[in-house]
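Note sheet for the following structure.
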Amino acid sequence: MEEEPVAPDTATRRSKRTRAEVRQADFTRTDRIEDELEDEREESSDEFQQPRPKAKRNRLNEGASTSAAASRKADLSLIDVIKGDGKEIPEVVKRWVEHYERNQKSAMAELLTMLFEACGAKYSILEENIEETDVDDVVVALVNMAKRGEVEDYQSSKRGFKNFKENLVYFWDNLVSECQNGPLFDQSLFDRCLDYIIALSCTPPRSYRQIASLMGLQLVTSFVNVAKILGPQRETTQRQLDAEKKKNIEGPRVESLTKRLSMTHEKITTLEEMMRKIFTGLFVHRYRDIDPDIRMSCIESLGVWVLSYPSLFLQDLYLKYLGWTLNDKSSAVRKISVLALQNLYEVDANVPSLNLFTQRFYRRMLELADDIDISVSVCAIGLVKQLLRHELVPDEELGSFYDLLIDDPPEVRRAIGALVHDHLIAQKFNNSQSHSTGSDSDSPEVHINRMLKILKEFSADPILSSYVIDDIWDYMGAMKDWKCIIRMLLADNPSAELDDVDATNLIRLFFSSVRKAVGERIVPATDNRNPHHTKAQKEMFENSKRDITVAMMKTYPQLLRKFMPDKDKVAPLVGIIPHMNLELYSLKRQEQNFRAVLKLIREAFFKHGEKDNLRACVKAIKFCSSESQGELQDFAQNQIKDLEDDLVAKLKSAMKDVMNGGDEYSLLVNLKRLHELQLLHKVPLDSLYQDLVHILKSFRNIDDEVVSFLFLNMFVHISWCLHSILSSETVSEASLSSLLGKRDALLEELDYFLRNSFQLHSESRSKTQLAYWVCGILADTWCLFKRAKFSMTKLEILGYSPDVTVIEKYWRMCEQLLDVSDDAEDEEDEENREYTEETNADTVMFALAKLVATDTVAKEHLAPEVISHLGKYGASVTEIVKHLITLLKKKGDISNILLEALKRAYQRYLAAISSGDDETSSKQFQECKSLAARLSGPYVGAARNKYKAEILNIVREGISFAFSEAPKQLSFLDGAMLPFVSKLPPSDILDIMKGVERRTENVKTDEDPSGWRAYYTFLDTLREKYLKNEAAKDGKEGTTVRRRGRPRKQQTLQGKRLFDDQSSSEDEDPISGSDQDVDAEDKEEEDELLIHSLRASSKLRSLRVSKSQTRTVDSSLAAEDLATPKTSGASS
């Protein structure tokens, strides 16, 4: 993000004046401290010396030191004072003005010398040549000095350069202030300075332009400050003169006032002429300079001038530059321009003069709200708020503007939220609308109704509604008015009653606002870190809980009764309970309402079957059973037991209906209820478990969704049983036997699903949904009962490890799920939105990675298959595989796993070739190459040396694999090995080349030139990489590299134009100052490249490459087109 802009120069000048006074006070205080120390030393030595002679000697020494310090200050040049800490600048400026009044030429020569030295050039003008010296001659001499490198670089230290710029600006501001009663208007001093400053600002050296622009812009700011002082004086004099003229008395008083008015007007005119001179000579060229810092300084200064001196600068002639730079390529410049305009629109008196400017540029201001730079976007939104305040933007232009409410950057969303609240909810920018609604226009009900109109646009997606609420919550106090929201929800008056959509949105708003009030996030955070709350924030959250509870105690049962039939309203309404302080029910004697709430939640649990509603009800009841007090807690726990009994009874009845050939819907809904309850609470299912197994075995044609929830409930129950055994001090044989029987029954049914293979692409979507669940349940079950976890313990009997054949079947199912097309997944999501997070490609890959990472399954079985699909199934799946590879690397050498993954990817390519599908084979080969590039990518920098042994192992074993069935598998060299070979040093590359060549010493490669083409391509690429690395190595040893890369040929390339309708300045910053120097560098570097080529040729001759092999490959390449994939052979 960009830094906040520098304060306006007027404020800076004032602060520097204050700082100068403080510095002077510090100097005086230092002397006073020295006197006090001397007095203390005198008192401590009172027994040995007389105080009077000592005091005299101290005063003499002090006088001598003061005079010496004064003489040193007088000897300092102006540039030395500016380079210092800046304390002496006001005093030095006064002395210089006195010097100028005594000897103008000498003082002028001193000032111009400082001006040149400030630019970094040691150049001076003799005082006797001041009048005869031509400005252009001096500037040409200074530019030549820059070309020769005889200029000091003040920017080598950014901190020092910042202090230097501040002191330089402070110097010129003090100089203008001291000269305002004399030399400022002599048409000699500042006219000459302006000539040199403007000329230097148009020179090619960037350092000259930077410093000259800095001085010129500050001079205008200082002139503005003086003009602001003279303006009121002119007005006062004019009023006095008018008053005297009304008396019809001619005399010295009128003559004096007339003369004073004429002089003041002449001074102001002179100042404005100098301002225009700098503007046309400096600003007009530099606001589009190639250096963004110069452009930023120009626009920042222009904003200060227009705001401080609107009588001159508040015109379209000057404002257009602020509008043009809204399109600047630098975000810092755009931000400065936006801030300058924002300051202008804040002043109501400026708005009439900005009408034409606004009509021309307001669309661009709206576009900047969606700028690529976040800081620019936030500032632009603040500018749009000013435009809306003055009603300068039509409402129809803001349609797409409000889409930023659901944008990614939270800073932008918050800024848009503030604007939406002020414009649409509080309606601060439209007085006619606010007054038309009457005295109740600012009431919470009105604000909430306006908010509901906004939420109605996003009612189809609760997630988007949460984003809108989160954006506006901080600015809308009505969202925290709990009693007002409840009153609106319970309104019985038909005129005040909400429609169904508004009621749903209001309940969602209520729930989200409650969560925000207690410190929860309602939208995902960008950093994924847990928020840290201070003690004061925690106390505020507790107070919010108390206020919410007090407001909801008596009305909560009424809300539940009114909205219970609507499935869209139950979950957010019930979800408020975990954010309440249940202790208050006992303290406020509201036990009856508490019992009523629990009964209603239990009723809602059996009334609805959606995941969100069930989950909210279970969470609320569990919270009440653990957080309530005394009798209320006992009542809540009894409610859970009654809920368990009722649910088990309903399940038994539903299973009986299915066995009798009845409908499966009741069984499915109650299985969902059981699943959600078991996720938070252990349900005793010992008597029901065998019935679940019986349903699975006896009814193989039952709906796949019912099978999914049968598996889920069985697995969760087994997990609770295992948890009970592990947490118990003593374990009975019966409990172990029961758990083993339940586990084996679940694994048997899951294995039946694996054995009955099917093609997921041709089956129903519910079958695919079931496969997702089976994939996750199997992985979790294997991990829970991992044999290594229970070995050498008393519970060793619980250990389990799947067979290799089961693992292979499991992988085939997972691979089919991963190969499901994106379109099929999207269609499936529309039908099964409730469990999309648990049934997608991410969960499949996560299950596979978990089996490998926890060593539940041997790495050699699944790891190569998983890694071979890296980058094939989207970004999220790719990230899971990357994390798995990182974890495996921490455990040891994984070179064999990576090589096996490459082999699996290459074998898929061979299978595509054998099938005759050219398109698929080409795609598979590219996937193999991409996999090799991804796997070799982390071996950069220090990792090359750290993992060199692994890289060598991959390359050597990979070459052996390629030659195991030569020439059929030789394309493996080009497809999988080249990226790894590139990570090796030249010596190892040479050894690999020789080893590969030895494998073909007794082989007649010319019998099958097409098959061996990949071999020669691989050798040529290795040779090219070796020579390239050796040439670079020799270059580093033999020559000193001045810079990387070749110099640009077009040395007079101008900076990029910012605006097509503005002619380019003839003084844009060229890329280099001297074409001859660059040509010399070109020739020198070409000579170096020629030397490298000669050395490379000698290396080539040292390689033992058979001429016959070379001739063979040349003839074979010319003879026929090859079937193996073509490779570029480009070096990395």
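Heads up, the sequence shown is in my numbering, so the first residue is 2 and it goes up one at a time. Think of the CB as a built atom: it goes at the ideal place given N, C-alpha and C, for glycine as much as any other residue. Please read these numbers as outputs of a predicted model, since none were measured by experiment.
(message) What residue range does the alpha helix (DSSP H) around residue 399 cover?
(response) Run containing residue 399: none; DSSP gives neither H nor E here.
(message) Taking the alpha carbon of residue 795 as the reference point, which residue from 729, 385, 458, 455 has its own alpha carbon closest?
(response) Proximity to residue 795 across 729, 385, 458, 455 peaks at 729, based on C-alpha coordinates.
(message) Assuming contact is defined by CB atoms lying nearer than 7 Å, are residue 594 and residue 550 in contact in what I supplied?
(response) Cβ atoms of residue 594 and residue 550: not closer than 7 Å.
(request) Report the rounded CA-to-CA distance for residue 503 versus residue 845, giving the unit in angstroms. (result) Going by C-alpha positions, residue 503 is about 39 Å away from residue 845.
(request) Between the Cα of residue 786 and those of 847, 733, 855, spot the shortest distance and give me the residue it belongs to. (result) Selected option, being the one with the closest Cα: 855.
(request) Given a cut-off of 7 Å, decide if residue 776 and residue 722 are closer than it, judged by their beta-carbon atoms. (result) Against a cut-off of 7 Å, the Cβ pair of residue 776 and residue 722 comes out as no contact.
(message) Using the three-state DSSP reduction, which class does residue 152 fall into: helix, strand or coil?
(response) Residue 152: strand per DSSP, three-state reduction.
(request) Keeping to the same chain, check which residues put their C-beta closer than 7 Å to that of residue 849; ignore five residues upstream and five downstream. (result) In its chain, beyond the 5 residues on either side, 815, 863, 867 have a beta carbon closer than 7 Å to the beta carbon of residue 849.
(request) Determine the contact status of residue 559 and residue 491, defining contact as a CB-CB distance below 7 Å. (result) Closer than 7 Å, so yes.
(request) Could you check the C-alpha separation between residue 295 and residue 931 for me, to the nearest Å? (result) Here the alpha carbons of residue 931 and residue 295 stand approximately 45 Å from one another.
(request) Return yes when the Cβ of residue 271 is within less than 7 Å of the Cβ of residue 234, no when it is not. (result) Going by C-beta atoms, residue 234 is not nearer than 7 Å to residue 271.
(request) Count the other CB atoms, across all protein chains shown, that sit within 10 Å of the CB of residue 304; report buried if there are 16 or more and exposed otherwise. (result) So residue 304 ends up on the buried side.
(message) Taking the beta carbon of residue 614 as the centre, do at least 16 other beta carbons fall within 10 Å, making it buried, or is it exposed?
(response) With 16 or more Cβ atoms within 10 Å of its Cβ, residue 614 is classed as buried.
(message) Please list the terminal residues of the continuous alpha helix (DSSP H) segment that includes residue 722.
(response) That run of the alpha helix (DSSP H) goes 705 to 728.
(request) Give the DSSP-derived three-state secondary structure of residue 948 in the structure shown. (result) DSSP places residue 948 in the coil class of the three-state scheme, outside both helix and strand.
(message) Buried or exposed, going by whether 16 or more other CB atoms sit within 10 Å of the CB of residue 798?
(response) Residue 798 should be labelled exposed.
(request) Find the nearest neighbour of residue 331 within the set 389, 346, 288, 309, judged by alpha-carbon distance. (result) For residue 331, the closest C-alpha among the options 389, 346, 288, 309 is that of 288.
(request) Answer yes or no: do residue 324 and residue 362 have a C-beta to C-beta separation smaller than 7 Å? (result) Taking 7 Å as the Cβ cut-off, residue 324 and residue 362 qualify as a contacting pair.
(message) With three or more beta-carbon pairs closer than 8 Å as the criterion, would you say the region 917 to 935 touches the region 975 to 991?
(response) Segments in contact, yes.
(request) Could you say which of 836, 347, 268, 203 lies nearest to residue 307 if we only look at CA atoms? (result) With distances taken between Cα atoms, residue 307 lies closest to 347.
(message) Rounded to the nearest angstrom, what separates residue 670 and residue 579 at their Cα positions?
(response) Each residue's Cα considered, the two are about 25 Å apart.
(message) I need the straight-line Cα distance from residue 752 to residue 810, nearest angstrom please.
(response) Going by C-alpha positions, residue 752 is about 9 Å away from residue 810.
(message) Does the contact criterion of 3 or more C-beta pairs under 8 Å hold for the region 213 to 225 versus the region 184 to 200?
(response) For the pair of segments examined, the region 213 to 225 was found to touch the region 184 to 200: the number of CB pairs separated by less than 8 Å reaches three.
(request) Report whether the distance from the Cβ of residue 813 to the nearest heavy atom of the ligand FAD is below 6 Å. (result) Looking at this structure, you won't find the ligand FAD or any other ligand, since it has none at all.
(request) Check whether the Cβ atoms of residue 481 and residue 552 lie closer than 7 Å to each other. (result) With respect to residue 552, residue 481 sits apart: the two C-beta atoms are not nearer than 7 Å.
(request) Would you kindly work out how many angstroms separate the C-alpha atoms of residue 393 and residue 350, rounded to a whole number? (result) Cα to Cα, residue 393 sits roughly 14 Å from residue 350.
(message) Measuring only the C-alpha atoms, how far is residue 655 from residue 609?
(response) If you take the alpha carbons of residue 655 and residue 609, they lie about 16 Å apart.
(request) Under 7 Å Cβ to Cβ from residue 879, same chain only, skipping five residues before and after it: list those, please. (result) Around residue 879: 871, 872.
(request) Report all residues from its chain with a CB closer than 6 Å to the CB of residue 109; omit the five preceding and five following residues, and keep chain order. (result) Same-chain partners within the cutoff: 131.
(request) Check whether the Cβ atoms of residue 539 and residue 519 sit closer than 7 Å, and answer yes or no. (result) Taking 7 Å as the Cβ cut-off, residue 539 and residue 519 do not qualify as a contacting pair.
(message) Measuring only the C-alpha atoms, how far is residue 961 from residue 925?
(response) Here the alpha carbon of residue 961 sits roughly 21 Å from the alpha carbon of residue 925.
(request) Please work out which residues of its chain come closer than 6 Å, Cβ to Cβ, to residue 256, disregarding the five sequence neighbours upstream and downstream, and give them in chain order. (result) By the criterion of a C-beta distance shorter than 6 Å, residue 256 is surrounded by no residue of its chain, once the five residues flanking it on both sides are discounted.
(message) In the DSSP output, which residue or residues are listed as bridge partners for residue 122?
(response) Note: residue 122 sits in a beta bridge opposite 152.
(request) Could you check which residue in 674, 453, 709 has the C-alpha nearest to that of residue 840? (result) Sorting 674, 453, 709 by C-alpha distance to the C-alpha of residue 840 places 709 at the top.
(request) Can you tell me which of 345, 384, 126 puts its alpha carbon nearest to the alpha carbon of residue 364? (result) For the residues 345, 384, 126, the minimum Cα distance to residue 364 belongs to 384.
(request) Can you give me the Cβ contacts of residue 1150 inside the same chain, cut-off strictly under 8 Å, excluding the 5 residues immediately before and after it? (result) Because the chain spans 2 through 1133 in this model, residue 1150 falls outside it and cannot be assessed.
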